[in-house]
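What follows is one structure encoded as structure tokens, with my remarks underneath.
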Amino acid sequence: MSLRSLPGILAAIVLFAFSLEGAAAPPDRSKPPQPGPAVPLRLPETSRLKLSNGIPVFLVERHKVPLAQVLVVLRGGASADPASRPGLASLTADLLDRGAGTRSALEISDLADTLGASVTAGAGWDTSSVGINVPVARLSEAIALLSDLVRNPTFPGEELERVRQERLTEMVQWKDDPAEIAVTAFARAVYGAHPYGRRPEGNPASMRSVTREDVRRYHAARYTPGAAAIVAVGDLRATEMLALLDRAFGSWSAGAPSPVSAPPAAPQISGRRIILVDKPDAPQSQIWIGRVGPPRSTPDYFALMVANTILGGSFTSRLNHNLRETKGYSYGAFSQFDYRISTGPFLASAAVQTDKTGPSLTEFFKELEAIREDVPADELARARNYTALRYPAGFETDAQVAGRVRDQFVYGLPDDYFNTYVSRIQAVTAAEVRRVTSQWIDPKNCAIVIVGDRRKIEPQVAALHLGPLTVRSIDEVLDVKGKSPNP
Amino acid sequence: MTLSPALFLSVFAAAAPALAQTAVPLPAPLPNASPSGPPGGPAAACPRIDVPYTQFQLANGLNVILHEDHTVPLVAVDVWFRVGSAREKPGRTGLAHLFEHILFEGSSHVKPGEFDKLLEGVGGDTDGSTNNDRTNYYEVLPANALELALFLESDRMGFLLDVLSPARVDQQRDVVKNERRQRIENQPYGSASIRIEEEVFPAGHPYHSPVIGSMEDLTAATHDDVAAFFRSFYSPVNASLVVSGDFQTEEARRRVESWFSDVAAGPRPPVLAAAPAVLAAEKRVTLEDRVQLPRLYMAWITPAQFHPGDEALDLLSSVLASGKNSRLYKRLVYDLQIAQDVSAVQDSRALGSMFLIAVTAREGHTLTEIERIVQEELDRVKREPPSARELERAVNQYEAGFYRALERNRDKADLLNAYDMEAGRPDYFNEDLARHRALDGRDVQSIARRQLPDDARVVLSVVPTGKTPLAATGAKGGSR
Numbered sequence: 007m008s009l010r011s012l013p014g015i016l017a018a019i020v021l022f023a024f025s026l027e028g029a030a031a032p033p034d035r036s037k038p039p040q041p042g043p044a045v046p047l048r049l050p051e052t053s054r055l056k057l058s059n060g061i062p063v064f065l066v067e068r069h070k071v072p073l074a075q076v077l078v079v080l081r082g083g084a085s086a087d088p089a090s091r092p093g094l095a096s097l098t099a100d101l102l103d104r105g106a107g108t109r110s111a112l113e114i115s116d117l118a119d120t121l122g123a124s125v126t127a128g129a130g131w132d133t134s135s136v137g138i139n140v141p142v143a144r145l146s147e148a149i150a151l152l153s154d155l156v157r158n159p160t161f162p163g164e165e166l167e168r169v170r171q172e173r174l175t176e177m178v179q180w181k182d183d184p185a186e187i188a189v190t191a192f193a194r195a196v197y198g199a200h201p202y203g204r205r206p207e208g209n210p211a212s213m214r215s216v217t218r219e220d221v222r223r224y225h226a227a228r229y230t231p232g233a234a235a236i237v238a239v240g241d242l243r244a245t246e247m248l249a250l251l252d253r254a255f256g257s258w259s260a261g262a263p264s265p266v267s268a269p270p271a272a273p274q275i276s277g278r279r280i281i282l283v284d285k286p287d288a289p290q291s292q293i294w295i296g297r298v299g300p301p302r303s304t305p306d307y308f309a310l311m312v313a314n315t316i317l318g319g320s321f322t323s324r325l326n327h328n329l330r331e332t333k334g335y336s337y338g339a340f341s342q343f344d345y346r347i348s349t350g351p352f353l354a355s356a357a358v359q360t361d362k363t364g365p366s367l368t369e370f371f372k373e374l375e376a377i378r379e380d381v382p383a384d385e386l387a388r389a390r391n392y393t394a395l396r397y398p399a400g401f402e403t404d405a406q407v408a409g410r411v412r413d414q415f416v417y418g419l420p421d422d423y424f425n426t427y428v429s430r431i432q433a434v435t436a437a438e439v440r441r442v443t444s445q446w447i448d449p450k451n452c453a454i455v456i457v458g459d460r461r462k463i464e465p466q467v468a469a470l471h472l473g474p475l476t477v478r479s480i481d482e483v484l485d486v487k488g489k490s491p492n493p
Numbered sequence: 010m011t012l013s014p015a016l017f018l019s020v021f022a023a024a025a026p027a028l029a030q031t032a033v034p035l036p037a038p039l040p041n042a043s044p045s046g047p048p049g050g051p052a053a054a055c056p057r058i059d060v061p062y063t064q065f066q067l068a069n070g071l072n073v074i075l076h077e078d079h080t081v082p083l084v085a086v087d088v089w090f091r092v093g094s095a096r097e098k099p100g101r102t103g104l105a106h107l108f109e110h111i112l113f114e115g116s117s118h119v120k121p122g123e124f125d126k127l128l129e130g131v132g133g134d135t136d137g138s139t140n141n142d143r144t145n146y147y148e149v150l151p152a153n154a155l156e157l158a159l160f161l162e163s164d165r166m167g168f169l170l171d172v173l174s175p176a177r178v179d180q181q182r183d184v185v186k187n188e189r190r191q192r193i194e195n196q197p198y199g200s201a202s203i204r205i206e207e208e209v210f211p212a213g214h215p216y217h218s219p220v221i222g223s224m225e226d227l228t229a230a231t232h233d234d235v236a237a238f239f240r241s242f243y244s245p246v247n248a249s250l251v252v253s254g255d256f257q258t259e260e261a262r263r264r265v266e267s268w269f270s271d272v273a274a275g276p277r278p279p280v281l282a283a284a285p286a287v288l289a290a291e292k293r294v295t296l297e298d299r300v301q302l303p304r305l306y307m308a309w310i311t312p313a314q315f316h317p318g319d320e321a322l323d324l325l326s327s328v329l330a331s332g333k334n335s336r337l338y339k340r341l342v343y344d345l346q347i348a349q350d351v352s353a354v355q356d357s358r359a360l361g362s363m364f365l366i367a368v369t370a371r372e373g374h375t376l377t378e379i380e381r382i383v384q385e386e387l388d389r390v391k392r393e394p395p396s397a398r399e400l401e402r403a404v405n406q407y408e409a410g411f412y413r414a415l416e417r418n419r420d421k422a423d424l425l426n427a428y429d430m431e432a433g434r435p436d437y438f439n440e441d442l443a444r445h446r447a448l449d450g451r452d453v454q455s456i457a458r459r460q461l462p463d464d465a466r467v468v469l470s471v472v473p474t475g476k477t478p479l480a481a482t483g484a485k486g487g488s489r
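From first to last, the protein sequence lines stand for chains F and V. In this text, residue positions in the first sequence follow the numbering used here: the first is 7, and each later residue adds one. In this text, residue positions in the second sequence follow the numbering used here: the first is 10, and each later residue adds one.
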């Protein structure tokens, strides 16, 4: 693989017919063929319905493969974890299929496997989601199972112990993986004690101390019809699907959900600070540079999408072109804004060869400064096209569509969002790009996390005088022996 | 746009030059009602999968397969070259994969850097991948820009070497070395798969050396080596083009015929002959790595992709390690809680496959303990056939996974190419599914007996640096 599609990029639409005439004449290679006229993409319509208890339902019929994806979405995710229990939302989701209704963990797994179903349960920053992907021939059993997982989990004590050990072991394994170390150190460096300074999975101390009662209380408070929406996409018929869902979820009643308040806006970083995490003998250094970014609701969203495509959101982006294609220091460099309900991070990152750690940092900062200047027209046009016109590629699978509809619900995006995305991206001007980059990308005020072989890289980093440098051990970063869940 | 069901009906294969437009759409027998039988029982209906396609060959030998799917206004253009690391010579490993980088660096009519810029300018993405047997190159782009992908693919197939400079090659060598550092050397357990292949396939076998190549060979390859490799393997007679997505076949066909008409045929590479790899004994190997937890790998040589036994090994892998009730997961992770994870896979390949089991031990447990349980479960599956329920789980999971692989144009294009190359025709979908559905517990038992012998396998222990006593010592090993 060559990592040409960089992570963290979103996108957009269009379509056409070609204007074709003539047959196999030798081709004219003097210039690249131009695309035919664009026709706006129209997605299959989303039916917006309600169950008898008021749960909103979003249905999208797509008769392509005999599959369906059904997703129960609950407002409130890892950022609403109690300060003393980071990882609780994620742990609760993980335990749903470890005992529900009359079935044990093994019985649930047996049923799901027999249905050919893939069950996914997890918590992101802003939501918890429980999904099932299944051949439509077995949809009705699958939805009954899904309902049990969401409404009637039993949280057996022995299952909590199993998952606790599994997660603690996973956290031990983070020590091996430079990217896991970097993501942990980066969150802390940018956000400190703010909820986004944690990892959604929690930490060893919280995983050691969490109780079954914590999980039950969390479930009772957050898994309620008032916090829920259901998304169903695939080879289904809306009326039948609605009936199935109503049978499974329509009788779900519970008190109003505990209000979920979004985390406050995080204070912006002032000045530059460097955290160097020592990973002896690492042949590459992970470089993570970033700061606090805007929330998903920012009016700058479309301009930032285009700006990020130019900086590090595409293969030809400046960071990747510089660090990979020109210098050869790295297998790939990228940047992204991680949009959340509150102020998620901006990040520019690469894994670079150890002896080029200093030179790579120099190139990063060159690009972070340069993106704040005017962007040439051809580069801007290419970035707009790339960001806008690849949008349909995000609508190929049922799970992709369900995820996009979920985001629409969670972030309160307008009903016509998908069908206006392309034109909103195409309307972004050079002046807007300049304004948003000057505001949100500030290389003088950012955190720099480097995970690598200290002996070889500290002199290179220190020589650049980027800012005060703190060296941390891997154990400190991952808080392996930590007593307090919220240090 | 019209939403037209892509999966139903009417296959027409035309190896002949004339388009066999015989498509007769049939209503799709998609059962939407819930079955009244037991959940997931054999009564659950299985719709027939039909992926309509048109196949033809150009005068220069290029094989072409077109498949319309109007669900989303996209096309996937997918070129397979029948060349992977198996074609490399000792001392020059990594060339097929190096080309997976070089092929994006420009050709006679595409200036350096333009390949990606042109695609991004129309909203397209592109990538490639390399394995032992083949390399693939693809673009996914808006349907109105199909022609751009055809231009780019035909240009690099026909007109690459004229402009290939040593400097561009050297630059991509550096990138590949960083790819190797990132994916192998700085990745926990990253070196294990390379070591296993070295041990399973003897020196001289085409699968002995790693796909990504060695650092030494990547440095040593001369520009002439690189150019000669391209001339040998990257011609239309050794390639296959699949276009899947939102287009009209007749128009697309004309465009393909035009853009590839000036690409010279090139030499047909000799058939790759390799004596089947044989493991004569159990080999035990220990590898130290910068990891916290030891991991046990067991590997066997097994039947090639689509050859008899390949499908039973797929299901055996599921019976052993897929889901909480699978044999190894339930014993090691769920009941005994001495392992963190287990996996099993039939890694299917053209010249002979590899069946692989991997288990990561929990803290405080040795790989000898782990191995003893794995061995007990291997003995058990050889002694008595898996139950009907175990088979049903495995088959139903396989079927669902199969449908999921048909959702994206890019994946479908890859399947059409894979079936055509390895099974002899693009529309092997139903046969592929049927060969799995036809199996019962005794088939799985007997494949385990025949293909997973205790005395012809590789047992690799990856242990934390300095902790070799954690390695698996075998059935006769102590119980420390």
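Ideal placement from N, C-alpha and C gives every residue a C-beta, glycine not left out.
So what does residue 56 (chain F) bridge to, in DSSP terms?
Position 50 of the first sequence, counting from 1, holds the residue named residue 56 (chain F). In the DSSP output, where bridge partners are listed per residue, residue 56 (chain F) has F:62.
In three-state terms, what does DSSP make of residue 223 (chain F)?
Looking up residue 223 (chain F) in the first sequence gives position 217. Helix, per DSSP.
Alpha carbon to alpha carbon, how far is residue 115 (chain F) from residue 226 (chain V)? Give it in angstroms, no decimals.
The count along the second sequence starts at 1 and reaches residue 226 (chain V) at position 217. The count along the first sequence starts at 1 and reaches residue 115 (chain F) at position 109. Roughly 47 Å between the two C-alpha positions.
Under 9 Å by beta carbon: chain F residues contacting residue 76 (chain V)
What you label residue 76 (chain V) is simply residue 67 of the second sequence in a count that begins at 1. Chain F residues near residue 76 (chain V): none, gap ~13 Å exceeds 9 Å.
Compare the C-beta of residue 130 (chain V) against all C-beta atoms of chain F and say whether one is closer than 8 Å.
Counting from one through the second sequence, the residue named residue 130 (chain V) turns up at place 121. Yes - at least one Cβ of chain F is within 8 Å of the one on residue 130 (chain V).
For the stretch 239-249 of chain V against the stretch 68-75 of chain V, do three or more pairs of beta-carbon atoms, one drawn from each stretch, fall closer than 8 Å, so that the two count as touching?
yes
Residues of chain F with CB under 7 Å from residue 309 (chain V), in chain order?
Here residue 309 (chain V) refers to the residue found at position 300 of the second sequence. Ordered by position in chain F, no residue passes the 7 Å Cβ test against residue 309 (chain V), which lies about 25 Å from the chain.
What residues in the stretch 306-330 of chain V have a beta carbon less than 7 Å from any beta carbon of chain F?
none
Could you name each continuous beta strand (DSSP E) segment of 3 residues or more that falls completely within the stretch 65-106 of chain V, going from the start of the chain to the end?
72-77 and 83-90
Scan the stretch 189-202 of chain V for residues whose Cβ lies nearer than 9 Å to a Cβ of chain F and list them as they occur along the chain.
189, 190, 191, 192, 194, 195, 196, 197 and 198
My guess is that residue 353 (chain V) and residue 431 (chain V) are in contact by the Cβ rule of under 8 Å, so how many angstroms apart are they, rounded?
Counted from its first residue, the second sequence places residue 353 (chain V) at position 344. Counted from its first residue, the second sequence places residue 431 (chain V) at position 422. About 22 Å; that fails the 8 Å criterion.
Using a Cβ-Cβ cut-off of less than 9 Å, give me the residues of the stretch 134-160 of chain V that come near chain F, in sequence order.
134, 135, 136, 137, 138, 139, 149, 150, 151, 152, 153, 154, 155, 156, 157, 159 and 160
Would the stretch 231-239 of chain F count as touching the stretch 49-67 of chain F if we require 3 or more Cβ pairs under 8 Å?
yes
Would you kindly work out how many angstroms separate the C-alpha atoms of residue 118 (chain V) and residue 88 (chain V), rounded to a whole number?
Here residue 118 (chain V) refers to the residue found at position 109 when the second sequence is read from its first residue. Here residue 88 (chain V) refers to the residue found at position 79 when the second sequence is read from its first residue. Computed Cα separation, rounded: 19 Å.
Within 9 Å of chain V by C-beta, residues of the stretch 114-137 of chain F in sequence order
114, 115, 116, 117, 118, 119, 120, 121, 122, 123 and 124
Cβ-Cβ distance between residue 328 (chain V) and residue 265 (chain V) below 8 Å:
Counting from 1 along the second sequence, the entry for residue 328 (chain V) is found at position 319. Counting from 1 along the second sequence, the entry for residue 265 (chain V) is found at position 256. Not in contact: residue 328 (chain V) and residue 265 (chain V) (Cβ atoms no closer than 8 Å).
When you compare the CB positions of residue 189 (chain F) and residue 483 (chain F), do they come within less than 8 Å of one another, or not?
Locating residue 189 (chain F) in the first sequence gives position 183, where the first residue counts as 1. Locating residue 483 (chain F) in the first sequence gives position 477, where the first residue counts as 1. Taking 8 Å as the Cβ cut-off, residue 189 (chain F) and residue 483 (chain F) do not qualify as a contacting pair.
Where residue 324 (chain V) and residue 448 (chain V) are concerned, what is the direct C-alpha to C-alpha distance, given to the nearest angstrom?
Here residue 324 (chain V) corresponds to residue number 315 of the second sequence, with the count starting at 1. Here residue 448 (chain V) corresponds to residue number 439 of the second sequence, with the count starting at 1. One C-alpha to the other measures close to 9 Å.
So, is residue 332 (chain F) buried or exposed, given that buried needs 16 or more other C-beta atoms within 10 angstroms?
As a working note, residue 332 (chain F) is residue 326 in the first sequence. Classification for residue 332 (chain F): exposed.
Roughly how many angstroms separate the alpha carbons of residue 210 (chain V) and residue 101 (chain V), rounded to a whole number?
Position 201 of the second sequence, counted from the first residue, corresponds to residue 210 (chain V). Position 92 of the second sequence, counted from the first residue, corresponds to residue 101 (chain V). One C-alpha to the other measures close to 17 Å.
Just to check my reading of the structure: residue 211 (chain F) and residue 203 (chain F) have Cβ atoms closer than 8 Å, yes? What is that Cβ distance to the nearest angstrom?
Looking up residue 211 (chain F) in the first sequence gives position 205. Looking up residue 203 (chain F) in the first sequence gives position 197. 15 Å between Cβ atoms; not a contact.
Does the beta carbon of residue 386 (chain V) come closer than 8 Å to any beta carbon on chain F?
Taking the second sequence and counting its residues from 1, the one referred to as residue 386 (chain V) is at position 377. Closer than 8 Å: no.
Less than 8 Å between CB atoms is the rule here; does residue 396 (chain V) satisfy it with respect to chain F?
On the second sequence, residue 396 (chain V) is found 387 positions in, with the first residue counted as 1. No, because no Cβ of chain F sits closer than 8 Å to the Cβ of residue 396 (chain V).
Rounded separation between residue 133 (chain F) and residue 419 (chain F) - CA only
Against the first sequence, residue 133 (chain F) aligns to sequence position 127. Against the first sequence, residue 419 (chain F) aligns to sequence position 413. Distance between the alpha carbons of residue 133 (chain F) and residue 419 (chain F) is about 15 Å.
Contacts that residue 460 (chain V) makes with chain F (C-beta to C-beta distance below 7 Å)
Counted from its first residue, the second sequence places residue 460 (chain V) at position 451. Near residue 460 (chain V) there are no residues of chain F at all, since even the closest Cβ is about 24 Å away, more than 7 Å.
Residues of chain A with CB under 8 Å from residue 178 (chain F), in chain order?
Among the protein chains of the structure shown, namely F and V, there is no chain A.
Selection of the stretch 78-112 of chain V by Cβ proximity to chain F, strictly under 7 Å
80, 81, 82, 83, 109 and 110
CB-CB under 8 Å to residue 347 (chain V), same chain, minus the five flanking residues each way: which ones, in chain order?
The residue given as residue 347 (chain V) occupies position 338 in the second sequence. Result list for residue 347 (chain V): 341, 370, 371, 374, 378, 379 and 382, in chain order.
Cα-Cα separation between residue 405 (chain F) and residue 75 (chain F), rounded to whole angstroms:
Mapped onto the first sequence, residue 405 (chain F) falls at position 399. Mapped onto the first sequence, residue 75 (chain F) falls at position 69. Residue 405 (chain F) and residue 75 (chain F): Cα-Cα distance of roughly 6 Å.
Consult DSSP for residue 188 (chain V) and reduce its assignment to one of helix, strand or coil.
Indexing the second sequence from 1 puts residue 188 (chain V) at position 179. Correct three-state label for residue 188 (chain V): helix.
Quick one: grab the DSSP three-state call for residue 292 (chain V).
Numbered from 1 along the second sequence, position 283 holds the residue referred to as residue 292 (chain V). Correct three-state label for residue 292 (chain V): strand.
At the level of alpha carbons, what is the spacing between residue 153 (chain V) and residue 136 (chain V)?
As a working note, residue 153 (chain V) is residue 144 in the second sequence. As a working note, residue 136 (chain V) is residue 127 in the second sequence. The alpha-carbon atoms of residue 153 (chain V) and residue 136 (chain V) are separated by roughly 20 Å.
How would you label residue 153 (chain F), buried or exposed, when you count the other beta carbons within 10 angstroms and need 16 or more for buried?
Working through the first sequence from its first residue, we reach residue 153 (chain F) at position 147. Residue 153 (chain F) should be labelled buried.
Chain V contacts from the stretch 371-399 of chain F (Cβ-Cβ distance under 7 Å):
388, 391, 392, 394, 395, 396, 398 and 399
Neighbour-count burial assignment, residue 467 (chain F), 16 or more Cβ in a 10 Å radius:
Numbered from its first residue, the first sequence carries residue 467 (chain F) at position 461. By the 10 Å Cβ count, residue 467 (chain F) comes out buried.
For the ligand PLP, I want to know if residue 185 (chain F) counts as a neighbour, meaning its beta carbon is within less than 7 Å of at least one of the ligand's heavy atoms.
In the structure on display, the ligand PLP does not appear, and there are no ligands present to speak of.
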